[in-house]
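Asker: One structure is given below, represented as structure tokens, and several questions about it will come after.
Numbering (UniProt numbering), first residue to last: 1 to 166.
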């Protein structure tokens, strides 16, 4: 029997990102779902009682979810359902947890733009000096320095406002 479940609901808490001692990235949040039905007598929509689920994502999905999803947004969650028993000094009960396999925005009420995540390029360890990458003989060194500074500034402008996810 498969315990895979798909839920559509609103993110009820800000997503939290944690990194374990072994480097495993985990993002978790609470998801609120509820049924709505149309009451013909009053000609209005009626909200049912909400259900709350704890959602956890791991590894790359956790990174992408943390930087993409926000409290209040309507999302679609697919994952494995786990029911966990809990107990305190005064009460006990069950909690529904979802280990997410897929997460994404619900496009019923809005739009989004997908951007594939690309890891930052790392220089090769055995990188050799490229003799062809030297300035042309007789070139004005001030022009070269100015063009390098301009390229550096352009790169800084492109990268400003982004955070490294690690």
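Where a beta carbon is used, it is the ideal one built from N, C-alpha and C, also for glycine. Quick caveat, the model's predicted, so the values are computed rather than measured.
Taking 7 Å as the cut-off, decide whether the C-beta atoms of residue 32 and residue 50 are in contact.
Answerer: Yes. Within cutoff.
Asker: With which residues is residue 68 paired in a DSSP beta bridge?
Answerer: According to DSSP, residue 68 bridges with nothing at all.
Asker: Would a C-beta distance cut-off of 7 Å place residue 57 and residue 27 closer than the cut-off?
Answerer: For residue 57 and residue 27, yes; Cβs fall inside 7 Å.
Asker: For residue 66, count neighbouring Cβ atoms within 10 angstroms of its own Cβ and tell me buried if that reaches 16, exposed if not.
Answerer: Residue 66 comes out buried.
Asker: Tell me whether residue 62 sits in a helix, a strand or coil according to DSSP, three-state version.
Answerer: Residue 62 falls in the helix class under three-state DSSP.
Asker: Over the uninterrupted beta strand (DSSP E) stretch that includes residue 115, give me the two end residues.
Answerer: Element bounds for residue 115: n/a, residue is neither H nor E.
Asker: Verify whether the separation of the beta carbon atoms of residue 54 and residue 99 is less than 7 Å.
Answerer: Cβ atoms of residue 54 and residue 99: not closer than 7 Å.
Asker: For residue 23, does the count of other Cβ atoms within 10 angstroms reach 16, so buried, or fall short, so exposed?
Answerer: It is exposed - the Cβ of residue 23 has fewer than 16 other Cβ atoms within 10 Å.
Asker: Spatial neighbours of residue 34 within its chain, please: CB distance less than 6 Å, with the 5 preceding and 5 following residues excluded, ordered by chain position.
Answerer: So the list reads 47, 48, 50, once near-sequence residues are dropped.
Asker: Under a three-way DSSP split, which group does residue 91 fall into?
Answerer: If DSSP states are grouped into helix, strand and coil, residue 91 belongs with coil.
Asker: Residues in the same chain with beta-carbon distance under 6 Å from residue 78, minus the five sequence neighbours each way, listed in chain order, please.
Answerer: Taken in chain order, the residues that qualify are 6, 101, 102.
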